[in-house]
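Trainee: Under the working numbering, think of the first position of the sequence shown as 13, with each following residue one higher. Backbone N, C-alpha and C fix where the C-beta goes; we use that ideal spot for every residue, glycine too.
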Amino acid sequence: MRRSFIVVIGSIPLIGPFAREVCRLLLNFLFPGSQKYWEGRYARGKDSGNGSRGELREYKASVINAFVRTNNILSVIELGCGDGGQLALAEYPRYIGLDVSPTAIDLCKGNFTLDNTKRFYYIEDPLCVDLLADIIEWRSDLALSLDVIFHLISDDVYQSYLRGLFDLAIRYVIIYSSNVDEKQFYQTRKREFTRWVSRNAADWQLAEKIVNPYSSVTNSSFYIYQKVKL
Numbered sequence: 013m014r015r016s017f018i019v020v021i022g023s024i025p026l027i028g029p030f031a032r033e034v035c036r037l038l039l040n041f042l043f044p045g046s047q048k049y050w051e052g053r054y055a056r057g058k059d060s061g062n063g064s065r066g067e068l069r070e071y072k073a074s075v076i077n078a079f080v081r082t083n084n085i086l087s088v089i090e091l092g093c094g095d096g097g098q099l100a101l102a103e104y105p106r107y108i109g110l111d112v113s114p115t116a117i118d119l120c121k122g123n124f125t126l127d128n129t130k131r132f133y134y135i136e137d138p139l140c141v142d143l144l145a146d147i148i149e150w151r152s153d154l155a156l157s158l159d160v161i162f163h164l165i166s167d168d169v170y171q172s173y174l175r176g177l178f179d180l181a182i183r184y185v186i187i188y189s190s191n192v193d194e195k196q197f198y199q200t201r202k203r204e205f206t207r208w209v210s211r212n213a214a215d216w217q218l219a220e221k222i223v224n225p226y227s228s229v230t231n232s233s234f235y236i237y238q239k240v241k242l
């Protein structure tokens, strides 16, 4: 709704670009912060978004489930599990889900209460994500980041998140995200995360990029990183 309004404003001759930028800055000023935004969203009964339902959810599940089977993945940790909508289609031997929204974690615990292969934990301070690797039992064969990176508005949280994501992974990291730099627009701020990885995670290499067949509805693709020996 907000983005559609900005598009309409921006199409007005002469004043369009200026008005569009003013609207964007106003919305950004009103943004409560990522943690408050997502907690408020889940508390109001909304879900994790378009990427966690319909054909996109099925597509992501098919790619990750096949990867888990092919590479004998025994444990998976996800940084930003949301409400568990995507997880409902997952086929993981053992799973840990982390999120900054206590409501989302409660939803996941309720939805998977009879599944003892899954555990969920609330991250109270997103700036401390990079310290989670100290919890040895959380380190997993595969670390997942699905539709999260472009929602990390704060530079400090972005840095902490990526460090934690790679530190928690033993063998592989799978990121599903856009990979371009764009200005913040309310709850989104697209980032070229591959540049961060090349500069800060020298013991990881991009093994595969899977271009999304649904590029008409999303800018996200799969980026699969593998740990290498130096």
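1. Applying the criterion that 16 or more other CB atoms from any shown protein chain within 10 Å of the CB defines a buried residue, is residue 48 buried or exposed?
2. Could you tell me the alpha carbon to alpha carbon distance between residue 199 and residue 83, rounded to whole angstroms?
3. Under the rule that 16 or more other beta-carbon atoms within 10 Å means buried, what is residue 55, buried or exposed?
4. Just list the beta strand (DSSP E) runs in the stretch 151 to 226, keeping only unbroken ones of 3 residues or longer that don't cross its boundaries, in chain order.
5. For residue 202, collect the residues of the same chain with a Cβ closer than 7 Å to its Cβ; drop the 5 residues on either side in sequence, then sort them by chain order.
6. Between the Cα of residue 35 and the Cα atoms of 196, 105, 98 and 230, which residue gives the shortest distance?
7. Applying the 10 Å Cβ sphere with the 16-neighbour rule, what's the burial state of residue 100?
8. Give the C-beta separation of residue 106 and residue 86 to the nearest angstrom, bearing in mind that I take them to be a contact with Cβ-Cβ under 8 Å.
9. How would you call residue 138, buried or exposed, if buried means at least 16 neighbouring beta carbons within 10 angstroms?
Mentor: According to the structure data:
1. Classification of residue 48: exposed, given that the 10 Å Cβ count is below 16.
2. Rounded to the nearest angstrom, the gap between the Cα atoms of residue 199 and residue 83 is 35 Å.
3. Result: exposed.
4. DSSP runs (the beta strand (DSSP E)) wholly in the stretch 151 to 226: 152 to 158, 181 to 189 and 216 to 222.
5. Cβ within range, chain order: 162, 190, 192, 193 and 194.
6. Closest in C-alpha terms to residue 35, from the list 196, 105, 98 and 230, comes 196.
7. Under a 10 Å Cβ-count criterion, residue 100 is classified as exposed, with fewer than 16 other Cβ atoms of the shown protein chains found around its own Cβ.
8. The distance from the Cβ of residue 106 to that of residue 86 is about 6 Å, consistent with a contact at the 8 Å cut-off.
9. Residue 138 should be labelled buried.
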